[in-house]
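In the working numbering, the protein residues as written are 293 to 645.
Taking it in order: structure first as C-alpha cells, then the write-up.
Listed below in C-alpha cells is the structure:
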C-alpha cells in the first residue's frame, strides 16, 4: 500500500492507526496498461507519487519509499525454474536482503553526498508502513507442479513460518507498523480456471473453482493465527490483518450490482471460455507472412471489468477494492483509514510484495 500518514500512538492496536510517514511493501506485482494495483489507487487518493521499483533504481527518488515487488514472487523460495512453477527467483527472503542493503546505503548516503534527498531519512524506517501482499503464488506454484489440494495445504505452515520470520526481521531492523493482506480467491482467476482442469461439480454458484478457494481460505485462516502470535511476540508492533479475500469475492459475486460485468473473463486476452490463453497472454502477437499481428487485445471498456489479463484485477476493480479496504470494514481491527492517518507533505513510502 502507498500511504502518507502519521501513525498515532496506538502501538499494538493496529489498522489505519498503523499507517505512518513511509511505506515499505513486499508482494508480487506486474505492471501492464489499464492495470493498477490497490497500492497505486491508495497513493493517488492521498496525492502521493507511486513507489519506485528498487530494481529500477537509477536516478529515481526513494525519499517517499521503495517497491521491492517482482511479478510471480513467492514467500518460500521455489526449488524449481520459473518455467516449471511460474515463480520468480526473487522470493521474499531475497527481497528482505535487498531491503537491508537499501536501509544500509540510505544511512550512509544520508550523512554525505548530493543524493541524500533521494533516499529516506534514518528515522523514516521506524515510522514507515511495511505492507505485505504475498502468498498467492506459493499456492498456485503447487498446482503447476501437479500437487493435490491436500499436498499444498501440507506445506502452508512452512510458508507462513517464513512470512512470520520476515516480519520479525523487519521488526529487528526498526519496523513497527505492518499491513498484511491475506490472499485472494485464486479459484476465481481466469488463469487458474483455464490452466487447471476443474469439473463442473467443483465450481461454486458464481463459477469459481471451489478446491482452489478452499486452499486460499485455509492459508488465510492460518495467516490470521500467525498475525495473532506476532502481536504477542512483537509488543511494540502495530499489525493489521486485511481480509482481501472477502473484498475480492464480494466484487466477483456481486459484480453486476456493483456496476461490473463478466468477472471471470479476462478483459485483455485471447480465446477460450475465459478469454485467456497461457501461450498468448495479454499483448500477445502472432506473425503472419512476416508481419506481426496483435491478437490478445484489450476489451472495449476495461472500466466495467473485474479481471484485466487473467491474473490481475483491472484498475477500476482495484480502485473499488481499495475503497473497501480504506473503510476498515475488512480489517482487523476495523478502524477506518481517516481516523488514524494525518497527511504529511514530506512523507515517503516503501513496499515489499
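Glycine included, C-beta positions come from ideal geometry on N, C-alpha and C.
Legend entry - Residues bridged to residue 589 (per DSSP): 561
Inset, instruction - Within its chain, find whatever has a CB closer than 6 Å to the CB of residue 579; leave out the 5 residues flanking it on each side and keep chain order. - result: none
Inset, instruction - Determine the extent of the alpha helix (DSSP H) in which residue 622 is found, giving its start and end residues. - result: Element bounds for residue 622: n/a, residue is neither H nor E.
Legend entry - N-terminal and C-terminal residue of the beta strand (DSSP E) that residue 554 is part of: Careful: residue 554 lies outside any beta strand (DSSP E) and carries neither H nor E.
Inset, instruction - My understanding is that residue 550 touches residue 600, with C-beta atoms under 8 Å, so please give their C-beta distance in whole angstroms. - result: Their Cβ separation, rounded to whole angstroms, is 17 Å, which puts residue 550 and residue 600 out of contact at 8 Å.
Inset, instruction - Measure the alpha-carbon distance for residue 464 versus residue 604 and round it to whole angstroms. - result: 33 Å
Inset, instruction - Name the two residues that bound the continuous beta strand (DSSP E) containing residue 357. - result: 357 to 359
Inset, instruction - Can you have a look at residue 609 and say buried or exposed, based on whether 16 or more other CB atoms are within 10 angstroms of its CB? - result: buried
Legend entry - Span separating the alpha-carbon of residue 519 from that of residue 459: 10 Å
Inset, instruction - State buried or exposed for residue 484, treating a residue as buried only when at least 16 other CB atoms are found within 10 Å of its CB. - result: buried
Inset, instruction - Please check the pair residue 588 and residue 576, which I expect to be a contact at CB under 8 Å, by giving their CB distance rounded to whole angstroms. - result: 4 Å
Inset, instruction - Assign residue 320 to one of two classes, buried (16 or more other C-beta atoms within 10 Å of its C-beta) or exposed (fewer than that). - result: The pLDDT assigned to residue 320 is 40, lower than 50, so where the model puts this residue is not dependable, and the model offers no usable value.
Legend entry - Nearest residue (CA-CA) to residue 455, options 572, 537, 473, 438: 473
Legend entry - Inter-residue Cα distance where the pair is residue 445 and residue 510: 7 Å
Inset, instruction - Rounded to whole angstroms, what's the CA-CA distance from residue 434 to residue 346? Just pull it up for me. - result: 28 Å
Legend entry - Stretch-stretch touch, CB-based, cutoff 8 Å, three pairs: the region 486 to 496 with the region 414 to 431: no
Legend entry - Cβ separation of residue 476 and residue 504, assumed to be a contact under 8 Å, to the nearest whole Å: Rounded, the Cβ-Cβ distance is 11 Å, inconsistent with contact.
Inset, instruction - Could you name the residues of the same chain whose beta carbon sits closer than 6 Å to that of residue 626, not counting the 5 residues immediately before and after it, in chain order? - result: 620
Legend entry - residue 414 - DSSP class collapsed to helix/strand/coil: coil
Inset, instruction - Can you give me the Cβ contacts of residue 468 inside the same chain, cut-off strictly under 7 Å, excluding the 5 residues immediately before and after it? - result: 303, 418, 528, 529, 530
Legend entry - C-beta atoms of residue 343 and residue 353 nearer than 8 Å: no
Inset, instruction - Taking residue 525 as the reference, give the member of 423, 457, 367, 536 with the closest Cα. - result: 457
Inset, instruction - Would you tell me roughly how many angstroms separate the C-alpha atoms of residue 381 and residue 487, rounded to the nearest one? - result: 22 Å
Inset, instruction - Between the Cα of residue 598 and those of 539, 440, 571, 583, spot the shortest distance and give me the residue it belongs to. - result: 539
Inset, instruction - Go to residue 486, then tell me how far its alpha helix (DSSP H) extends in each direction, as first and last residue. - result: 482 to 487
Inset, instruction - Counting only the same chain and skipping the five closest in sequence on each side, list residues whose C-beta sits under 6 Å from that of residue 567. - result: 557, 558, 561
Inset, instruction - Can you tell me the Cβ-Cβ gap for residue 537 and residue 512, rounded? I've got them flagged as a contact below 8 Å. - result: 6 Å
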